[in-house]
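Enquirer: Chain order of the listed sequences is A and B. The numbering used here numbers the first residue of the first sequence as 13 and each following residue consecutively. The numbering used here numbers the first residue of the second sequence as 12 and each following residue consecutively.
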Amino acid sequence: MSVAYVRETPAEALPPPSTAVGAIGWLRANLFNGWFNTILTLVGFYLVYIIVVPFLEFAIFDAVWTGENREACIGPEVGACWPFVWAKFGQFMYGTYPDPQRWRVDLVAVMFIASMVPLAIPGVPYKRWNAIFFFAIFPVLAFILLVGGFLGLELVETARWGGLLVTIVVSYVGIVASLPLGVLLALGRRSKLPIIKTFSVVFIEFWRGVPLITVLFMSSVMLPLFLPDGVSFDKLLRALIGIALFSSAYMAEVIRGGLQAIPKGQYEAGQAVGLGYWQSMRLIILPQALKLVIPGIVNSFISLLKDTSLVLIIGIFDLLGIIQRNFTDANWATPVTSHTGYLFAGLIFWMLCFGMSRYSIFMERRLDTSRR
Amino acid sequence: MAVQNELGTDTSSGRVSPFYDPRIRGIVFQAALVIFVVVLVYIGASNAIENLQSQNIASGFGFLGNTAGFAISQTLIPYSVTSTYGDAFVVGLLNTLLVAAIGIVLATILGFIIGIARLSSNWLVAKVATAYVEIVRNLPLLLQLLFWYFAVVKSLPSPRESYGPLAGIYLNIRGLFMPKPVFGPGSWLFDAAIVVAIVAIVVIWRWASQRQAATGQQFPTLWTSLALFFGLPLFALVVTGFPVTFEMPELKGFNFTGGMRMEPEFVALLLGLVIYTASFIAEIVRAGIQAVSHGQTEAAGALGFRRGLTLRLVVIPQAMRVIIPPLTNQYLNLTKNSSLAVAIGYPDLVSVFAGTVLNQTGQAVEVIFITMLVYLTISLLTSAFMNWFNLRMALVER
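Quick look at the structure:
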């Protein structure tokens with residue numbers, strides 16, 4: 013048998029068809045593979061079109077950017093009334109905190125950011141001192157600066173606080189107060205002592221079972237009844253107590269998750285080297301457990317930040333509350349004022365919460381060693 | 012022992028000093044806690060009694076029988092200004108349960124759709140679903156509720172210019188109007204047909220799955236059930252000569268009369284709750300489906316399962332095990348979050364009872380106690396059900 017022709021080298025590979033590569037290939041593979049996906053894509057495009065286009069028109073293209081009062085924002089096809097936000101920006105940030113004293117809030121904000129950022133970045137050294145400052149020294153400094161009344165600082169009543177200041181204060185205090193309480197409750201729930209365990213379980217399940225709004229009602233209406241005659245708490249402080257107790261129950265569950273993730277060998281190792289309960293908790297278990305639950309703590313901080321807006325129902329003006337209150341200002345009464353206000357509040361809340369949720373995901377990846 | 016002897020410690024009993032004895036320490040700690048709680052309760056209670064007396068506020072639960080004297084916009088049971096505070100409580104509770112029940116159903120449907128869409132191979136659909144989740148989840152629910160109520164529902168057109176997407180359905184500033192079915196005489200057969208159809212479907216499902224397990228023969232359960240569910244009631248209607256009529260909402264003067272009406276507050280609350288909760292449910296569904304290892308899908312493919320069957324018989328049953336516990340948590344959250352109704356004036360439990368009734372009677376302790384007790388009961392019942400369900404669904408390992 014003789015073969016007429018044998019190819020000695022393999023043929024050059026043909027380039028893939030133009031419909032399988034490049035932009036068209038990508039479109040075919042990701043958007044239009046099959047009739048069902050094509051319909052989905054078209055529906056998706058339609059949804060994006062009817063939501064994104066009016067939103068952009070309202071927020072940017074049709075929006076009014078400059079003006080002195082409501083006159084600027086009245087018209088047939090007017091979008092967001094941004095001058096309203098510029099005019100009220102001070103209130104949205106500080107509430108009615110007196111103007112000449114606002115540097116105190118600014119100083120607290122600078123200290124807050126300057127101590128929180130290095131604490132959040134894993135590579136920065138002196139974590140221990142940083143944490144001590146952020147969780148123990150900073151609250152005292154912030155209290156002195158914000159409240160005043162001594163050291164030559166003018167007293168500013170909390171009734172004049174408002175806006176983002178209150179939002180941040182409430183959620184920060186909620187987290188800082190709930191951390192130690194949460195640790196104690198989580199340890200209590202895992203304790204072998206029956207009374208302590210029962211107490212912790214009842215406490216945690218009670219606060220987790222009721223809505224925050226009833227807790228706020230309780231702290232604003234019921235708490236004063238339980239105090240002796242003549243003793244009265246500030247309204248903001250009462251809300252803070254309620255929120256701290258409420259969030260400590262959630263924090264306890266987050267920390268319990270971390271405690272459960274520590275292998276039993278660690279507990280036994282602590283006992284083997286002769287450490288007592290508190291010593292082994294302080295030196296071995298809690299440092300590991302708390303590190304594990306950093307994402308969980310950040311997530312509770314996010315939900316607490318969102319929940320702080322509820323204080324407006326008991327008459328404390330947080331960011332959302334103060335924006336809502338300004339809708340009644342006759343100087344700025346236009347049909348788009350409320351939409352603009354909600355948009356602004358939404359943008360601020362969203363940036364804070366989204367930023368923190370990204371951070372929590374980043375920490376989760378960093379702490380998760382299983383994939384490496 | 013030898014070491015201890017050299018140090019001169021007490022070895023006769025072989026025990027540590029009482030100060031370091033964990034047992035004694037435990038007793039001391041617990042006693043301290045009990046004393047602390049008792050003292051706190053005693054101080055609080057004695058202050059409360061004193062304050063209540065000095066402010067002339069009655070105590071006890073007698074106020075529940077007093078006349079309420081205020082109207083409620085949405086009532087599921089007969090209620091008027093002359094009804095009692097107890098009636099107002101029931102109205103509020105039913106309104107809370109109503110919005111929670113409808114919200115749970117809708118949020119589950121929307122959440123599953125979006126959760127599955129996030130995993131879609133369609134790039135656009137996946138991105139749209141991701142954007143939805145990331146935007147909605149990171150905005151406070153209260154902000155969303157206020158937006159839906161004040162910025163959307165309150166700027167709907169007047170009844171004269173209302174939207175009418177389908178015949179008989181109208182959406183305007185006064186709420187959502189729908190045709191209301193009116194059951195005439197003889198419609199009991201229709202109700203009976205629905206019950207019979209449901210019972211028959213359950214029986215057929217059991218029989219079919221037993222037969223398939225025993226013999227491998229399949230039975231078209233889905234089509235049979237659908238036919239039963241729609242066919243039997245329709246048959247009953249035909250036999251009795253259509254006793255069901257629809258009362259259409261009609262525009263009279265400045266408002267609609269007749270038909271069914273959903274209050275604007277209800278519409279806004281439902282929208283806000285469903286959209287917010289669905290974003291969390293979507294994440295739970297996505298995580299649950301991703302938790303089923305890819306090997307399971309491949310194994311089903313190797314056995315020759317079609318894609319739909321793989322989803323239905325292999326992926327979803329395993330994903331449900333991961334999904335259901337956090338899903339129940341979200342249901343509870345939705346129920347608790349419905350208390351935000353107070354901000355937009357929907358008459359739920361908190362708004363009616365812990366709001367109006369508390370202000371009128373001043374009996375803060377009792378009112379808050381009852382309100383919290385209701386939510387606690389709901390959440391404890393749910394977790395009891397959850398534990399039972401988990402036990403049933405838990406992986407049985409051999």
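By construction, the Cβ of each residue, glycine as well, lies at the ideal position given by its N, Cα and C atoms. Just so you know, these numbers come straight off a predicted model, no measurement behind them.
Chain B beta carbons: is any one of them nearer than 9 Å to that of Glu376/A?
Expert: In the first sequence, counting from the first residue as 1, residue 376/A sits at position 364. No, its Cβ sits nowhere closer than 9 Å to a Cβ of chain B.
Enquirer: Taking 9 Å as the CB-CB limit, is Ser166/B close to chain A?
Expert: Counting from 1 along the second sequence, the entry for residue 166/B is found at position 155. At least one chain A Cβ lies under 9 Å of Ser166/B.
Enquirer: Tell me which same chain residues have a C-beta within less than 7 Å of the C-beta of Leu224/A, skipping the five on either side of it?
Expert: Counting from one through the first sequence, the residue named residue 224/A turns up at place 212. These residues qualify, in order along the chain: Phe258, Asp319, Leu322.
Enquirer: Can a CB atom of chain A be found closer than 9 Å to the CB of Asn67/B?
Expert: Here residue 67/B refers to the residue found at position 56 of the second sequence. By this cut-off, Asn67/B is not an interface position.
Enquirer: Between the beta-carbon of Ser231/A and the beta-carbon of Met263/A, is there less than 9 Å?
Expert: Translated into positions along the first sequence, residue 231/A becomes position 219. Translated into positions along the first sequence, residue 263/A becomes position 251. Against a cut-off of 9 Å, the Cβ pair of Met263/A and Ser231/A comes out as no contact.
Enquirer: Under 9 Å, Cβ to Cβ, is there at least one residue of chain A near Glu309/B?
Expert: The sequence position of residue 309/B within the second sequence is 298, counting from 1. No, Glu309/B does not count as interfacial toward chain A.
Enquirer: By DSSP's criteria, Pro192/B is part of a beta bridge. Which residues make up the other side?
Expert: In the second sequence, the residue the question calls residue 192/B occupies position 181. Paired residues: Phe257/B.
Enquirer: Note down the Cα distance separating Phe188/B from Phe70/A, rounded to an integer number of angstroms.
Expert: Position 177 of the second sequence, counting from 1, holds the residue named residue 188/B. Position 58 of the first sequence, counting from 1, holds the residue named residue 70/A. Near 29 Å, if we compare the C-alpha coordinates of Phe70/A and Phe188/B.
Enquirer: Could you list the residues in the stretch 220-248 of chain A with a C-beta less than 7 Å from some C-beta on chain B, going in chain order?
Expert: Residues Gly221, Val222, Pro223, Ile225, Thr226, Phe229, Met230, Val233, Met234, Leu237, Phe238, Leu239, Pro240, Asp241.
Enquirer: From the DSSP output, read off the bridge partner residues of Arg272/B.
Expert: Taking the first residue of the second sequence as 1, we reach residue 272/B at position 261. DSSP, once it has assigned bridges, lists Phe188/B as partnering Arg272/B.
Enquirer: Compare the C-alpha of Gly107/A against each of Pro137/A, Thr53/A, Gly269/A, Thr170/A and name the closest.
Expert: Start at 1 with the first residue of the first sequence, and residue 107/A comes out as number 95. For Gly107/A, the nearest C-alpha among the options comes from Thr170/A.
Enquirer: What does Gly55/B touch in chain E if you count any residue whose Cβ is under 7 Å from its own?
Expert: Here chain E cannot be found, since the structure's protein chains are A and B.
Enquirer: If I measure Cβ to Cβ from Arg114/A and keep anything under 6 Å in the same chain, skipping five residues before and after, which residues do I get?
Expert: The residue given as residue 114/A occupies position 102 in the first sequence. The residues are Tyr106.
Enquirer: For chain A, find out if any of its Cβ atoms is closer than 9 Å to the Cβ of Ser169/B; answer yes or no.
Expert: As a first step, residue 169/B is located in the second sequence; it is residue number 158 there, counting from the start. Taking Cβ atoms only, chain A never reaches closer than 9 Å to Ser169/B, which makes this a no.
Enquirer: Closer than 8 Å by C-beta to Arg337/A: which residues in its own chain qualify, once you throw out the five before and the five after it? Chain order, please.
Expert: Position 325 of the first sequence, counted from the start, is the residue given in the question as residue 337/A. Phe329, listed in sequence order.
Enquirer: Could you check which residue in Thr95/B, Tyr90/B, Tyr31/B has the C-alpha nearest to that of Gly76/B?
Expert: Counting from one through the second sequence, the residue named residue 76/B turns up at place 65. Looking at the Cα atoms, Thr95/B is the closest of the given residues.
Enquirer: Compare the C-alpha of Ile144/A against each of Leu157/A, Ile156/A, Pro130/A and name the closest.
Expert: Within the first sequence, the letter at position 132 stands for residue 144/A. Checked all of Leu157/A, Ile156/A, Pro130/A; the closest Cα to Ile144/A is Pro130/A.
Enquirer: Can you say whether Ser314/B is buried or exposed, counting buried as having 16 or more other CB atoms within 10 angstroms of its CB?
Expert: For the purposes of this step, residue 314/B is identified with residue 303 of the second sequence, where counting begins at 1. Correcting the residue type first, residue 314/B is Leu in the shown sequence and not Ser. Classification for Leu314/B: exposed.
Enquirer: Strictly by DSSP, which residues pair up with Trp173/A?
Expert: The residue labelled residue 173/A in the question sits at position 161 within the first sequence. According to DSSP, which records beta bridges pairwise, Trp173/A is partnered with Gly107/A.
Enquirer: Could you compute how far the alpha carbon of Val55/A sits from the alpha carbon of Leu135/B?
Expert: Within the first sequence, the letter at position 43 stands for residue 55/A. Within the second sequence, the letter at position 124 stands for residue 135/B. Approximately 10 Å, taken between the alpha carbons.
Enquirer: Straight-line CA distance for Gln15/B to Gly288/A?
Expert: Start at 1 with the first residue of the second sequence, and residue 15/B comes out as number 4. Start at 1 with the first residue of the first sequence, and residue 288/A comes out as number 276. Low confidence applies here, because Gln15/B scores a pLDDT of 43, under 50, leaving its location unreliable; read the following figure in that light. Taking the straight line joining both Cα atoms gives about 19 Å.
Enquirer: Going along chain A, which residues have a C-beta under 7 Å from Trp134/B?
Expert: Position 123 of the second sequence, counted from the start, is the residue given in the question as residue 134/B. Those are Asn42, Leu43, listed as they occur along chain A.
Enquirer: Do you know whose CA, among Trp218/B, Phe257/B, Phe240/B, Gly186/B, lies nearest Val206/B's CA?
Expert: Here residue 206/B refers to the residue found at position 195 of the second sequence. Minimum Cα distance to Val206/B is reached at Phe240/B.
Enquirer: Please return the same chain residues whose Cβ sits closer than 6 Å to the Cβ of Leu117/B, not counting the five positions on each side in sequence.
Expert: Taking the second sequence and counting its residues from 1, one reaches residue 117/B at position 106. So the qualifying residues of the chain are Val285.
Enquirer: Need the endpoints of the alpha helix (DSSP H) that Asn401/B sits in, please.
Expert: As a working note, residue 401/B is residue 390 in the second sequence. Note, Asn401/B: alpha helix (DSSP H), 375-404.
Enquirer: Measuring CA to CA, which of Met259/B, Pro244/B, Thr226/B is closest to Ile209/B?
Expert: Counted from its first residue, the second sequence places residue 209/B at position 198. It is Pro244/B.
Enquirer: For Leu237/B, which option in Ala56/B, Ala211/B, Ala247/B has the closest C-alpha, if you only look at C-alpha atoms?
Expert: Position 226 of the second sequence, counting from 1, holds the residue named residue 237/B. Answer by Cα proximity: Ala211/B.
Enquirer: Please check if any C-beta of chain A sits within less than 9 Å of the C-beta of Leu391/B.
Expert: Sequence index remark: in the second sequence, residue 391/B carries index 380 (1-based). Closer than 9 Å: yes.
Enquirer: Give me the Cα-Cα distance between Ile401/A and Met404/B, rounded to the nearest whole angstrom.
Expert: No statement about residue 401/A is possible, as the shown extent of chain A runs from 13 to 384 and does not include it.
Enquirer: Taking only runs that begin and end inside the stretch 223-259 of chain A, name each unbroken beta strand (DSSP E) of 3 or more residues, in chain order.
Expert: The qualifying runs do not exist here; there are none.
Enquirer: Measure the Cβ-Cβ separation of Val214/A and Ser390/B and say whether it is below 9 Å.
Expert: What you label residue 214/A is simply residue 202 of the first sequence in a count that begins at 1. What you label residue 390/B is simply residue 379 of the second sequence in a count that begins at 1. No; because the gap between Cβ atoms is not below 9 Å, this pair is not in contact.
Enquirer: Can you pull the chain A neighbours of Phe40/B, defined as C-beta to C-beta under 8 Å?
Expert: Stepping through the second sequence from its first residue, residue 40/B is reached at position 29. Per Cβ cutoff of 8 Å: Leu205, Ile208.
Enquirer: For Asn266/B, list the residues DSSP reports as bridge partners.
Expert: For this step, residue 266/B is matched to residue 255 along the second sequence. Asn266/B pairs with Lys263/B.
Enquirer: Check distances from the C-beta atoms of the stretch 353-370 of chain A to those of chain B and list, in chain order, the residues that come in under 7 Å.
Expert: Against chain B - using a Cβ distance shorter than 7 Å - the residues of the stretch 353-370 of chain A are Tyr354, Ala357, Gly358, Phe361, Trp362, Cys365, Phe366, Ser369.
Enquirer: Looking only at its own chain, which residues have a Cβ that is under 6 Å from the Cβ of Gly186/A, when we skip the five neighbours before and after it?
Expert: Along the first sequence, one-based indexing puts residue 186/A at 174. Excluding sequence neighbours, Gly186/A sits near Ile255, Ala256, Ser259, Leu316.
Enquirer: Give me the Cα-Cα distance between Leu109/B and Ile207/A, rounded to the nearest whole angstrom.
Expert: Walking along the second sequence from the start, residue 109/B turns up at place 98. Walking along the first sequence from the start, residue 207/A turns up at place 195. If you take the alpha carbons of Leu109/B and Ile207/A, they lie about 39 Å apart.
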